[in-house]
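Residue numbers (the numbering used here): 2 to 404.
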């Protein structure tokens, strides 16, 4: 449950009473809030379609986050979701059979619909959020440069200092999320254009080469990918830090400048346009100051995606990126609406918070991991929908209703 500020013995008594009431740990102590939103208690029996067609997939995604190594950076104090209660739920999930998944999520968690304030004064509260999709691109590459392999994928430089959530350093713009260590001081890390022009010098260490800068941009936008080498082997390229500069969508710039219409804009269409217009493409790509560095990893299970920010492999259709300032990794969410790969009558789906992204901001904003390859990329590109977000918070470990 979210931490509540102490307000004296009266509040403690109210909370104790709330824990004894049936249903969600109710609003007796006042509505729970996350960022701009309030959490409205709702019975899982009132959620149409719950627990979905395949709650076992959500259980698998949940257990993977449970058993993942803890992230290097601690969760910020602003996150919702008790670590102790979530750990207790993880322990109970360890021995469950997939057939028990629906009962587990219904009984072990309290459901809260995420309700945001009106967009305009006097308007209705917003009871839906915004869901997009992302995927793992499958690209061709080589461990050596040569004809057809011209864009270097760079390893993390040894002078890159990543800043934790909310961390600031003297003399640095608070908006920067990374810095460059120079002697005994920190300074802003070079932007994309400067890196492409050689600002890293000998610290620019290529891991492999892709076909061109457009493929490199796709890899950096998605944050990871699989690369097929000339000998037929595949290797996974994983996120290993960024220069901390603001991200600018190149696809959005293409639309803003009138090169392509927003209607019908797909990944295949805007990347093809970039390749057909190399001079303009170079200018637009360099306008995105953000730059991502990577590391290599074997593809251990082709059915799973790359490791997300929670330290666990992503489950296609079952893992979601959330705002890590607000939500603890491992929390289940019920998404109200039909999603990629679902049945025609799908009313919602259980997913698990396992990743984050710089563009995923706010309590009712999510990015669903769809899968690997071109078909997943098309599905991810089509997913830009208003859906209902219901968070499942673990019941207190000592609460007999959670047993």
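Quick reminder that beta carbons are idealized off the backbone N, C-alpha and C, glycines included. Quantities reported herein were computed from a predicted structural model and do not represent experimental measurements.
Just to check my reading of the structure: residue i and residue j have Cβ atoms closer than 8 Å, yes? What is that Cβ distance to the nearest angstrom?
i: residue 322; j: residue 368; result: 4 Å
i: residue 416; j: residue 45; result: Outside the shown range of the chain, which is 2 to 404, sits residue 416, and nothing can be said about it.
i: residue 35; j: residue 364; result: 5 Å
i: residue 225; j: residue 158; result: Not really, about 19 Å apart at Cβ, beyond 8 Å.
i: residue 112; j: residue 271; result: At roughly 38 Å, the Cβ-Cβ gap does not stay under 8 Å, so residue 112 and residue 271 are not in contact.
i: residue 206; j: residue 152; result: Not a contact, Cβ separation roughly 15 Å.
i: residue 131; j: residue 393; result: Not quite, the Cβ-Cβ distance comes to about 20 Å (not below 8 Å), so this is no contact.
i: residue 66; j: residue 313; result: 5 Å
i: residue 292; j: residue 361; result: About 19 Å separates the two Cβ atoms, so there is no contact after all.
If we ignore side chains and look at the alpha-carbon of each, how far apart do residue i and residue j end up?
i: residue 384; j: residue 186; result: 43 Å
i: residue 164; j: residue 333; result: 27 Å
i: residue 96; j: residue 88; result: 14 Å
i: residue 340; j: residue 51; result: 14 Å
i: residue 239; j: residue 223; result: 10 Å
i: residue 26; j: residue 137; result: Low confidence applies here, because residue 26 scores a pLDDT of 40, under 50, leaving its location unreliable; read the following figure in that light. In a straight line, the C-alpha of residue 26 is about 38 Å away from that of residue 137.
i: residue 23; j: residue 375; result: Residue placement at residue 23 is poorly supported in this model, since its pLDDT is 34, which falls under 50; the coordinates still yield a value, given next. So the two alpha carbons sit approximately 47 Å from each other.
i: residue 216; j: residue 244; result: 19 Å
i: residue 275; j: residue 342; result: 29 Å
i: residue 302; j: residue 208; result: 22 Å
i: residue 242; j: residue 347; result: 37 Å
i: residue 380; j: residue 172; result: 43 Å
i: residue 277; j: residue 212; result: 14 Å
i: residue 55; j: residue 318; result: 10 Å
i: residue 198; j: residue 300; result: 32 Å
i: residue 382; j: residue 267; result: 6 Å
i: residue 227; j: residue 168; result: 32 Å
i: residue 29; j: residue 41; result: Since pLDDT at residue 29 reaches only 43, below the 50 mark, its modelled position is unreliable, and the value read off the structure follows with that caveat. The alpha-carbon atoms of residue 29 and residue 41 are separated by roughly 12 Å.
i: residue 355; j: residue 378; result: 19 Å
i: residue 273; j: residue 265; result: 14 Å
i: residue 33; j: residue 73; result: 29 Å
i: residue 90; j: residue 262; result: 47 Å
i: residue 359; j: residue 149; result: 31 Å
i: residue 177; j: residue 200; result: 18 Å
i: residue 397; j: residue 127; result: 29 Å
i: residue 386; j: residue 83; result: 29 Å
i: residue 284; j: residue 202; result: 22 Å
i: residue 69; j: residue 237; result: 18 Å
i: residue 219; j: residue 140; result: 9 Å
i: residue 107; j: residue 391; result: 13 Å
i: residue 14; j: residue 161; result: With a pLDDT of only 33 at residue 14, under the threshold of 50, the placement of this residue in the model should not be trusted; the figure read from the coordinates follows. Distance between the alpha carbons of residue 14 and residue 161: 50 Å.
i: residue 331; j: residue 48; result: 21 Å
i: residue 144; j: residue 282; result: 25 Å
i: residue 260; j: residue 71; result: 44 Å
i: residue 86; j: residue 121; result: 37 Å
i: residue 37; j: residue 395; result: 21 Å
i: residue 315; j: residue 370; result: 7 Å
Quick one: give me the first and last residue of the alpha helix (DSSP H) that residue i is part of.
i: residue 131; result: Residue 131 -> not in any alpha helix (DSSP H); beta strand (DSSP E) instead, spanning 130 to 137.
i: residue 57; result: 56 to 67
i: residue 93; result: 84 to 94
i: residue 216; result: 214 to 223
i: residue 108; result: 102 to 109
i: residue 256; result: 251 to 257
i: residue 287; result: 279 to 288
Out of the options, state which residue places its alpha-carbon closest to the alpha-carbon of residue i.
i: residue 304; options: 372, 251, 109; result: 372
i: residue 98; options: 150, 64, 77; result: 64
i: residue 146; options: 230, 397, 315, 221; result: 230
i: residue 221; options: 160, 287, 162, 159; result: 287
i: residue 388; options: 83, 107, 232, 115; result: 115
i: residue 175; options: 139, 219, 247; result: 247
i: residue 210; options: 124, 297, 188; result: 297
i: residue 117; options: 233, 366, 257; result: 366
i: residue 320; options: 295, 134, 144; result: 134
i: residue 289; options: 257, 249, 295; result: 249
i: residue 233; options: 142, 259, 170, 188; result: 142
i: residue 411; options: 345, 327, 395; result: Residue 411 is absent from the structure shown; the chain starts at 2 and stops at 404.
i: residue 129; options: 370, 338, 395; result: 338
i: residue 53; options: 295, 370, 344; result: 344
i: residue 75; options: 370, 325, 395; result: 325
i: residue 214; options: 257, 204, 235, 280; result: 280
i: residue 294; options: 257, 204, 188; result: 204
On the DSSP letters alone, give me the boundaries of the beta strand (DSSP E) that residue i sits inside.
i: residue 235; result: 235 to 243
i: residue 320; result: 320 to 322
i: residue 405; result: Look at the range of the chain in this structure, 2 to 404, and you will see that residue 405 is not part of it.
i: residue 196; result: It is not in any beta strand (DSSP E) - residue 196 instead sits in the alpha helix (DSSP H) that spans 193 to 197.
i: residue 328; result: Segment: none, residue 328 is in no beta strand (DSSP E) and carries neither H nor E.
i: residue 373; result: 366 to 373
i: residue 120; result: Premise fails: residue 120 is in no beta strand (DSSP E) and is neither H nor E.
i: residue 361; result: Neither: residue 361 is in no beta strand (DSSP E) and is coded neither H nor E.
Open item on the list: Pairs of beta-carbons, one from the region 337 to 354 and one from the region 53 to 63, closer than 8 Å: are there three or more?
Closed with: yes
Open item on the list: Does the region 181 to 200 come into contact with the region 102 to 122, if we say contact requires no fewer than three beta-carbon pairs (one atom in each stretch) closer than 8 Å?
Closed with: no
Open item on the list: Within 8 Å, do at least three Cβ pairs link the region 249 to 268 to the region 175 to 185?
Closed with: no
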